[in-house]
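Below is one structure; the comments refer to it alone.
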Amino acid sequence: MDTTIELDLREVFSALVRKLWLIVLCAVVAGAAALMYTAGFMTPLYRASVSIYVNNTDSEGKVVISSSDLATSQKLVETYINILKSDTVLDKVVEAVDGEVTTKQIRKMIESEALGGTEVFQVQISNADPEMAAEIANAIANIAPEEIANIVKGSSARIVDYAKVPEEPYSPSIAKNTVLGACVGMLIVVLVIVLQVVLDVRIKSEADLRKICDAPVLGSIPDYDLDYKKGGYMLESTSADDTNGKAV
Amino acid sequence: MSLFGFNKSQKQAQTVSYAAQRRNILSQNSSFYVRESYKSLRTNIRFFQAGEGCRRFCITSSMAGEGKSITLLNLAITFAESGQRVLLIDADLRRPSQARLLIERATPGLSNVLAGHCDEDEAIRKSAYPNLDVLFSGEIPPNPSELLGSPRMKKLIDRLSEQYDYILVDAPPVGVVTDACVVARALDGMLFLVRHNKTEKETLARCVQQIKNAGVRLMGFVMNGSEGESGNKYKYSYRKKNKYNYGFVSRPSKEK
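Residue numbers (the numbering used here), protein chains in the order written: chain A, 1 to 248; chain B, 249 to 504.
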């Protein structure tokens with residue numbers, strides 16, 4: 001016999017359908033577990049954000065801004081973000097919040113991105129404490145523009161939005177985690193079932209028989225248990241015929 | 249229902265008790281579907297090989313516990329029902345089942361006849377079914393293969409062929425011992441019983457090869473325990489299960 005594994009997709013599919021209850025059960029259990037873990041154990045994080053506008057010229061001066069000025073500014077956003085994450089800036093931020101967090105910690109909390117190719121970029125601070133998040137964000141807002149101006153000659157940055165204290169956490173998402181958990185649970189069960197079908201070496205059908213030997217199948221006797229369980233034939237007393245039994 | 253199919257097959261590997269097996273002996277109370285499946289088998293055997301038929305054959309399987317003996321017994325009953333004179337021989341001299349199924353004494357039987365202790369006329373008995381006689385296994389001999397392969401066996405079968413239209417022989421699983429191939433040489437063919445969801449493909453392939461090597465004529469397969477191909481199920485009537493009795497030979501007993 002060769003060692004190839006044959007995969008009958010119909011067999012796999014029907015096995016999955018048969019065990020659908022199991023798949024659903026595992027999905028529900030996994031989803032519930034994910035939900036409980038997310039709701040009970042994961043710390044919610046709050047996000048406070050400031051938005052800053054940058055320009056590559058001294059803000060006290062030009063009245064008319066050309067398009068090339070705009071293009072340059074957009075490129076500079078990335079530069080400014082890098083500067084913002086530097087020790088120079090963040091050390092000062094640490095001082096501003098009375099040293100309650102370290103520079104490294106703040107750097108981890110920062111997420112920044114340019115807003116849609118404009119000259120405005122946003123700095124987001126994530127923290128378990130909403131007030132702290134806002135405090136740090138605003139500290140950055142106060143400190144960063146001046147530092148940027150010091151380093152990049154001929155630029156200016158202005159605050160568009162100061163940070164407000166966030167009211168609701170942005171993570172973790174209970175819904176998302178639950179669905180994810182359910183999907184993972186489902187995937188594992190499906191994988192196991194498929195494996196089970198593939199590795200099953202027993203005869204399941206006349207087709208299996210034909211693959212092994214071309215002798216005809218002369219008869220097919222149904223499963224007796226099937227008869228009894230499904231429908232339940234009422235077998236009545238055989239009365240007089242019983243006396244035919246002989247003693248051992 | 250178990251979590252993974254493997255557990256279920258392990259359960260099936262344990263031999264079903266004889267009481268439970270007796271429940272499956274054909275009787276007036278067997279379902280229409282079951283009886284029809286046996287009749288189908290009977291017809292296919294009868295018209296095997298364009299009318300030449302196969303009047304003397306044995307049944308075997310790959311392993312023990314696949315339902316070989318009960319199937320052969322029911323088949324014998326089915327043949328007898330159609331008016332044929334049938335002789336059922338239990339040639340499984342290692343683990344004879346027919347006597348236990350029919351609640352009869354196994355001796356005197358085939359082994360005694362082959363050993364020369366008695367005549368076949370003394371050993372062969374009428375069964376509870378018309379047209380059906382049974383030659384039980386007899387005592388378990390120390391040399392079953394030799395007895396079954398002896399010229400005495402061949403002569404016995406040939407003699408009995410004059411008295412009976414059909415001779416059905418219960419043989420041990422060919423995947424375990426070679427007796428089935430040995431006894432088949434005295435007969436016209438061999439039937440191979442396969443149990444749905446239990447017989448393993450590799451084992452079956454080996455058995456088939458073994459049969460081919462022995463030069464035995466493999467008539468075909470009987471699939472046991474099938475769930476039925478769709479469209480084969482006939483309508484049957486059923487009522488709520490209140491009590492049921494077992495087949496002919498056991499005393500009536502009530503369950504649930």
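In this text, a Cβ means the ideal position worked out from N, Cα and C, and glycines have one as well.
Between leucine 341(B) and serine 385(B), the C-beta gap is smaller than 7 Å, which places the two residues in contact. Sequence-distant partners of asparagine 391(B) (beyond 5 residues in either direction) whose C-beta falls short of 7 Å from its own C-beta are missing from its chain. Ranked by Cα distance from glutamine 122(A), the options Asp214(A), Asp161(A), Leu76(A) and Pro172(A) are led by Asp161(A). In this structure, Ser265(B) is the residue among Thr291(B), Arg290(B), Leu289(B) and Ser265(B) with its C-alpha nearest to the C-alpha of arginine 348(B).
Residue pairing by DSSP places aspartate 381(B) opposite Leu335(B) and Lys374(B) in a beta bridge. With its beta carbon at least 7 Å from every one in chain B, arginine 10(A) lies outside the interface. Taking a Cβ-Cβ cut-off of 9 Å, isoleucine 188(A) has no neighbours in chain B, whose nearest Cβ is about 14 Å from it. CA-CA distance, arginine 373(B) to valine 12(A), rounds to 51 Å. Burial state of glutamate 450(B) is exposed, judged by a 10 Å Cβ sphere holding fewer than 16 other Cβ atoms. As DSSP reads the structure, serine 49(A) sits in a beta bridge with Gln124(A). If you draw a straight line from the Cα of isoleucine 151(A) to the Cα of glutamate 78(A), it comes to about 14 Å.
Residues of chain B with a Cβ closer than 7 Å to the Cβ of glutamate 78(A) do not exist; the shortest Cβ-Cβ separation is about 56 Å. Residue range 392 to 397 is occupied by the alpha helix (DSSP H) that includes serine 393(B). Collapsing the DSSP output to three states places methionine 438(B) in a strand.
Residue burial is scored here from C-beta neighbours: lysine 403(B) has fewer than 16 other C-beta atoms within 10 angstroms and is therefore classed as exposed. Bridge pairing for aspartate 98(A): absent [DSSP].
Among the CB atoms of chain A, one or more fall inside 7 Å of the CB of glycine 473(B). For the 7 Å CB-CB criterion, valine 470(B) and leucine 439(B) form a contact. Among the CB atoms of chain B, none fall inside 7 Å of the CB of cysteine 26(A). For isoleucine 293(B), the residues of chain A that pass the 9 Å Cβ criterion are Leu218 and Gly219, in the order they occur in the chain.
Taking 7 Å as the threshold, the shortest C-beta distance from phenylalanine 469(B) to chain A falls below it.
Taking every protein chain shown into account, the CB of asparagine 138(A) has 16 or more other CB atoms within 10 angstroms, so this residue is buried. The Cβ atoms of asparagine 177(A) and threonine 43(A) lie no closer than 7 Å to each other.
With contact defined as three or more Cβ pairs closer than 8 Å, the segment 205 to 216 of chain A and the segment 17 to 36 of chain A are not in contact. Identification of chain B residues near alanine 30(A) by a Cβ-Cβ cut-off of 7 Å yields none; the smallest Cβ-Cβ distance measures about 16 Å. With a contact defined as Cβ atoms closer than 8 Å, proline 222(A) and tyrosine 281(B) qualify at about 6 Å.
By the Cβ-count criterion, valine 201(A) is exposed, with fewer than 16 other Cβ atoms from all chains shown falling within 10 Å of its own Cβ. Contact note: tyrosine 414(B) does not reach chain A at a C-beta cutoff of 9 Å; the least C-beta distance is about 14 Å. Chain-order list of chain A residues neighbouring serine 330(B): empty, with the shortest C-beta distance near 15 Å, by a criterion of under 9 Å. In the three-state reduction of the DSSP assignment, phenylalanine 296(B) falls in the coil class.
The Cβ atoms of valine 54(A) and alanine 163(A) lie no closer than 7 Å to each other.
Taking 8 Å as the upper bound for CB-CB distance, isoleucine 143(A) and alanine 96(A) are in contact here, some 6 Å apart.
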